[in-house]
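For the sequence shown, the tail end lands on 294 under UniProt numbering, and the numbers increase by one without skipping.
Positions of the beta carbon are idealized from the N, C-alpha and C atoms, including for glycine.
In what follows, a single structure is set out as structure tokens and then discussed.
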Amino acid sequence: MELRHLQHFVAVAEDQHFTRAAERLMVSQSGLSASIRALERELRAPLFVRTTRRVTLTEAGRALLCEAERVLAQVRAAHEAVAAVQGVVRGTLSVGTEQCIAGVHVAGLLASFRRRHPDVEIRLRQTGSGALGEEVAAGRLDLAFAYRTQTDTEQLRCAPLAGEPMYVLCHPEHRLAAVPGALTPQDVAGEVFVDFHPDWGPRRVTDAAFAEAGVRRTVALEVNDVHSLLDLVDENLGVAVVPRHFRHKREALTALPLEGTGEAVYETVALLPPVRATSPAARALMALLETGSG
Numbered sequence: 001m002e003l004r005h006l007q008h009f010v011a012v013a014e015d016q017h018f019t020r021a022a023e024r025l026m027v028s029q030s031g032l033s034a035s036i037r038a039l040e041r042e043l044r045a046p047l048f049v050r051t052t053r054r055v056t057l058t059e060a061g062r063a064l065l066c067e068a069e070r071v072l073a074q075v076r077a078a079h080e081a082v083a084a085v086q087g088v089v090r091g092t093l094s095v096g097t098e099q100c101i102a103g104v105h106v107a108g109l110l111a112s113f114r115r116r117h118p119d120v121e122i123r124l125r126q127t128g129s130g131a132l133g134e135e136v137a138a139g140r141l142d143l144a145f146a147y148r149t150q151t152d153t154e155q156l157r158c159a160p161l162a163g164e165p166m167y168v169l170c171h172p173e174h175r176l177a178a179v180p181g182a183l184t185p186q187d188v189a190g191e192v193f194v195d196f197h198p199d200w201g202p203r204r205v206t207d208a209a210f211a212e213a214g215v216r217r218t219v220a221l222e223v224n225d226v227h228s229l230l231d232l233v234d235e236n237l238g239v240a241v242v243p244r245h246f247r248h249k250r251e252a253l254t255a256l257p258l259e260g261t262g263e264a265v266y267e268t269v270a271l272l273p274p275v276r277a278t279s280p281a282a283r284a285l286m287a288l289l290e291t292g293s294g
């Protein structure tokens, strides 16, 4: 199995189109098709379902895609490791993050990295923690800053960043704003909730906290960014349960600690591939973070 065959396969899988993939790879469409056929013959399985409009992966193709992306990421890491030994960090640094992650100022960290390693192309993807973990494990991201969703595995390891309790945010005229001290899940059980999509870290820890307390809640207003959540609470349309550091983003809102949630804590981590597969650029970024240079 040749690396170029895997590169061609991944490009077609991403573009879902032979012509677009060929243009991106700067190869002829006939040559690309021949490469895919050679791979299918070697594996003795069809990898794509071809139609006049697009191509989609077969079950065998989906199984190969995860491994192909991982192999290509390791090959890229090997090339970059050799360059690093020669004193040059180069290539591409692909970083993922949730919004407003605790324990790291992502923009400042990337700016510091760029000053030190101007030959590295930085790419950034923002999405939920579940998707970030999958992309790091598959080799599509070099590392990601996310909510801890699991312990270390063969494809993924976690470096702790920060841990925070959860707070209830509400409008200052909301009835909860007059409650002295902390709240429990039972205290807010009947409220209208504003929250993030289920893949986001704060939503995951809140869902776990209420499940631990045996309290059902309904998220009526679901958003995909921090500012929309704060705006909705600011208009007294609902309450939100968020990590502690969110309370400083809208000082006019009332923030009350949430207790009675067992072990539920908002813990953020850096998600990384196994040490052998971690790129020199990712190691350099983590070194900046660990020394506080970002």
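Enclosing alpha helix (DSSP H) for residue i [first to last residue]
| i | result |
| --- | --- |
| T153 | Taken as a continuous stretch (DSSP letters only), T153 belongs to no alpha helix (DSSP H), as it is neither H nor E. |
| T19 | 18-25 |
| D187 | From DSSP, D187 is part of no alpha helix (DSSP H); its letter is neither H nor E. |
| F246 | Segment: none, F246 is in no alpha helix (DSSP H) and carries neither H nor E. |
Three-way DSSP call (helix, strand, coil) for residue i in this model
| i | result |
| --- | --- |
| C100 | coil |
| A159 | strand |
| M166 | strand |
| G108 | helix |
| E235 | coil |
| V179 | coil |
| Q86 | Low confidence applies to Q86: its pLDDT is 48, below 50, so where it sits in the model is not reliable, and the reading given next is rough at best. Three-state DSSP puts Q86 in coil, outside helix and strand. |
| A240 | strand |
| E91 | Note on residue identity: the sequence assigns Gly, not Glu, to residue 91. The answer is strand: DSSP assigns G91 an E or B state. |
For residue j and residue i, the rounded distance between their alpha carbons
| i | j | result |
| --- | --- | --- |
| V194 | R54 | 39 Å |
| E23 | V120 | 24 Å |
| E267 | L57 | 36 Å |
| R204 | L132 | 14 Å |
| G108 | L237 | 34 Å |
| P118 | T92 | 11 Å |
| A63 | L143 | 22 Å |
| Q86 | L288 | Annotation note: pLDDT 48 at Q86 (below 50); position unreliable, coordinate value reported separately. Going from the Cα of Q86 to the Cα of L288 covers about 20 Å. |
| P180 | A255 | 11 Å |
| P273 | P46 | 30 Å |
| L156 | L271 | 7 Å |
| A284 | F113 | 8 Å |
| G103 | E290 | 11 Å |
| Q99 | T127 | 8 Å |
| V49 | R20 | 16 Å |
| M166 | P257 | 6 Å |
Identity of the residue in the options nearest residue i by Cα
| i | options | result |
| --- | --- | --- |
| H79 | T278, L288, L156 | T278 |
| G101 | A146, S112, V136 | What sits at residue 101 in the sequence shown is Ile, not Gly. It is A146. |
| Q29 | L39, V12, R41 | V12 |
| R37 | R20, R283, F9, H17 | F9 |
| S35 | R4, E14, Q16, R62 | R4 |
| G201 | P180, V226, V188, A213 | V226 |
| L221 | L141, A81, V215, H197 | H197 |
| R216 | R250, T52, D231, G190 | G190 |
| Q16 | R140, T52, V27 | T52 |
The ligand NAD heavy atom lying under 7 Å from the CB of residue i
| i | result |
| --- | --- |
| P46 | Of ligands this structure carries none, so the ligand NAD is not represented either. |
Span of the beta strand (DSSP E), counted from its first residue to its last, around residue i
| i | result |
| --- | --- |
| residue 322 | Any question about residue 322 goes unanswered here, given that the chain covers just 1 to 294. |
Is the number of C-beta pairs between the stretch 120-129 and the stretch 242-259 that are closer than 8 Å three or more? These segments do not touch.
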